[in-house]
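Structure first, then comments.
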Amino acid sequence: RLGSMVGGRITIGKASFRVRATLETEPDRAGNGRIFGLGPRVMISDRALPATGLVLPGSLVRYSYRVRLNAGRSAAGWRRNLAVAFPEAGWRVRDLTDAAPSVTRFVRRTELFMTLVGLTALLVGGVGIGNAVGNYLTSRTATIATLKCLGAPSRLIFQTYLALIGIMTLGGIIPGLIFGAAAPIAARHVMSGMMPIEVAAGFYPVPLLLAACYGVLTALAFSLWPLARACAIPAGRLFRDMIAPSRRMPGIMAIIATVAAGVALAALAIYGAHDRRIALWFVGGSIAALFIFRIAGWMVMRAAKFTLEKAGGKVGASFRLALANLHRPGAPTIAVVMSLGLGLTVLVTIILIEGNMRHQIAESMPSRAPDFFFIDIQPDQVEDFDATIHGVSGVTELRRTPILRGRIIAINGTDIAHARIAPSVRWIVRGDRGLTWSRTLPEGTRMIAGKWWPPDYKGKPLISLSADAARGFGIGVGATLTINILGRKVTATVANLREVRWRSLRLNFVVVFSPGVIEAAPQTQLATVRSEPSSIAAIERAVTNRFANVSAIRVRGTTPSCT
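The sequence shown runs 6 to 568 under my numbering.
Here it is, written out as structure tokens:
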């Protein structure tokens with residue numbers, strides 16, 4: 006993309022480098038959480054780094070250490086000893102059990118999504134199983150009635166047809182398991198050149214066993230009811246059942262077994278999911294959908310009967326026959342409405358989710374997003390930076406704010422290791438966060454509680470906290486947060502809560518300090534720029550050519566610019 010090659014030269018910051026080699030793979034890239042990055046990696050000698058001018062006070066720099074323990078040393082014990090020796094350190098320590106947490110989270114979310122999609126398919130298929138079993142037993146009504154007249158007990162008939170359903174179930178499960186076992190091996194060859202890590206492929210019996218359990222429980226949950234009902238009807242009534250189906254319920258044991266299979270299927274779905282709250286909502290929604298579509302099917306039957314009675318001979322024979330078949334005894338109207346309803350619900354849900362995401366990403370967010378984020382602007386570069394930006398024609402807006410890094414270490418005096426924090430905001434205390442300070446209320450901010458401090462405020466440290474963080478922390482106005490800023494502990498009181506709309510892509514911060522606390526600390530400036538589309542490339546060239554240490558993150562546009 007840079008038009009360079011081995012032996013050529015590239016400029017990084019203020020230093021010129023000769024390209025010695027190209028990187029094909031990195032053994033530790035997944036551990037760094039950089040499987041997907043904003044740009045290509047480059048490695049230089051550590052002795053050459055100062056010459057680039059990239060590392061200045063306040064620059065966002067991370068250091069990674071890899072430690073190999075002696076034989077017999079426990080990684081968990083070593084981590085505990087490290088925490089005791091350096092209790093105030095804001096390090097992130099990971100061992101082989103959690104080497105790439107971001108990748109792990111991505112895989113778990115993908116697994117949850119695939120599990121829910123699979124369960125939805127099983128649900129739709131389960132309705133089909135119930136319909137198929139009911140229709141098959143209807144076609145065998147004469148056979149079942151004859152067997153009963155000859156003295157065959159209901160238990161024998163039930164076991165016979167249950168064994169038949171079991172054989173057909175295995176006929177569907179076994180090929181699916183074979184395909185599922187072979188899929189990772191095939192995916193390994195397909196994805197080998199697409200991922201920066203080697204994709205492991207092998208035989209995993211536990212997921213296959215889980216899938217088989219899903220299939221068996223689905224078949225049982227949807228087939229026991231029609232099977233038990235057919236076996237419970239007396240022989241004489243079975244013959245009449247072909248023209249006037251009985252409304253008799255199956256036996257109590259069959260009802261218990263059906264409910265038990267459904268509960269086991271729901272419990273397996275919830276227990277096997279990493280996010281059990283989502284799985285619980287899915288199970289509840291599935292039960293509600295089955296109930297709603299069953300009522301809808303019944304209403305269709307009643308509407309067809311009412312229409313036929315009112316229309317009488319005013320409509321043609323074809324229409325009368327169609328209406329009669331919708332509500333006749335034994336009509337599959339309810340089953341068809343349930344199957345169509347569930348199938349269409351899945352399709353509509355997927356389309357709506359995709360459409361909403363596409364709208365947010367392709368339409369809503371770009372309309373609000375700036376064209377650039379510029380980071381690591383040094384305090385002595387602010388005036389020149391502003392002049393450079395305004396010197397490019399087409400710039401419509403420039404916003405700047407000071408930023409430095411800090412880590413929340415205590416909430417209301419309670420260490421975060423022992424504080425009760427909602428999972429939705431745990432990311433805020435996971436490592437350091439960006440902090441800023443402001444004399445006036447930021448533009449576009451909506452206050453939820455409390456009051457903003459006066460512009461000339463001088464007093465004890467105050468902070469403005471985002472309302473979602475406050476809810477997740479279980480605190481409000483008047484609570485305290487202790488933040489480690491460059492090794493110093495600062496305890497500040499929450500003066501107000503404000504709404505933060507992260508999707509607006511404005512310069513939003515979880516914590517905003519009052520004046521007189523962090524102005525003198527080493528800090529940099531963060532800027533956003535909006536401009537006409539024709540000026541985007543010129544802005545990037547102007548900034549990167551003049552300020553080697555300033556990083557430009559382009560939000561709009563996909564064509565890379567190499568300067």
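Think of the CB as a built atom: it goes at the ideal place given N, C-alpha and C, for glycine as much as any other residue.
- For the options Ala336, Ser443, Leu117, Val268, the alpha carbon positioned closest to that of His279 is the one of Leu117.
- Beta-bridge partners assigned by DSSP to Ser536: Val400.
- Taken in chain order, the unbroken stretches of alpha helix (DSSP H) that lie wholly in the region 141–212 and span 4 residues or more are 146–154, 159–196.
- Setting aside the 5 residues that flank it on each side, Leu28 is surrounded in the same chain by Arg46, Met48, each with a C-beta closer than 8 Å to its C-beta; the list follows chain order.
- By the 16-neighbour rule on beta-carbons within 10 angstroms, Cys236 is buried.
- Here the C-alpha atom of Ser79 lies approximately 19 Å from the C-alpha atom of Pro92.
- Contact check between the region 385–399 and the region 497–507: fewer than three CB pairs, one atom from each, fall below 8 Å, which does not count as touching.
- With respect to the 8 Å criterion, Asp381 and Thr529 are classified as neighbours on the basis of their beta carbons.
- Of all alpha-carbon atoms in Arg85, Ser471, Leu124, Ala226, the one lying nearest the alpha-carbon of Val138 is that of Ala226.
- Around Val387, the same chain offers Arg405, Gln530 as residues with beta carbons nearer than 8 Å, after the five sequence neighbours per side are excluded.
- Ser144 is classed as exposed because its beta carbon has fewer than 16 other beta carbons within 10 Å across all chains shown.
- DSSP, read as helix, strand or coil, puts Leu295 in helix.
- Between Ala274 and Leu124 a beta carbon distance of about 6 Å is seen, short of the 8 Å cut, so the two are scored as contacting.
- About 7 Å separates the beta carbon of Ile414 from that of Ile488, a gap short enough to meet the 8 Å contact definition.
- Under a 10 Å Cβ-count criterion, Asp376 is classified as buried, with 16 or more other Cβ atoms of the shown protein chains found around its own Cβ.
- The Cβ atoms of Ile292 and Ser228 do not sit closer than 8 Å to each other.
- The Cβ atoms of Gly302 and Val353 do not sit closer than 8 Å to each other.
- Under the DSSP definition of a beta bridge, Met452 partners with Arg503.
- In this structure, the straight-line span from the alpha carbon of Ala553 to that of Ile17 is close to 8 Å.
- Beta-bridge partners assigned by DSSP to Asn330: none are found.
- The straight-line gap separating the alpha-carbon atoms of Arg444 and Ser519 is approximately 6 Å.
- Remark: C-beta atoms of Leu491 and Pro527 approach each other more closely than 8 Å.
- Excluding its 5 nearest sequence neighbours in each direction, Gly477 has C-beta neighbours in its own chain below 7 Å: Ile426, Ala427, Ser429, Val430, listed in chain order.
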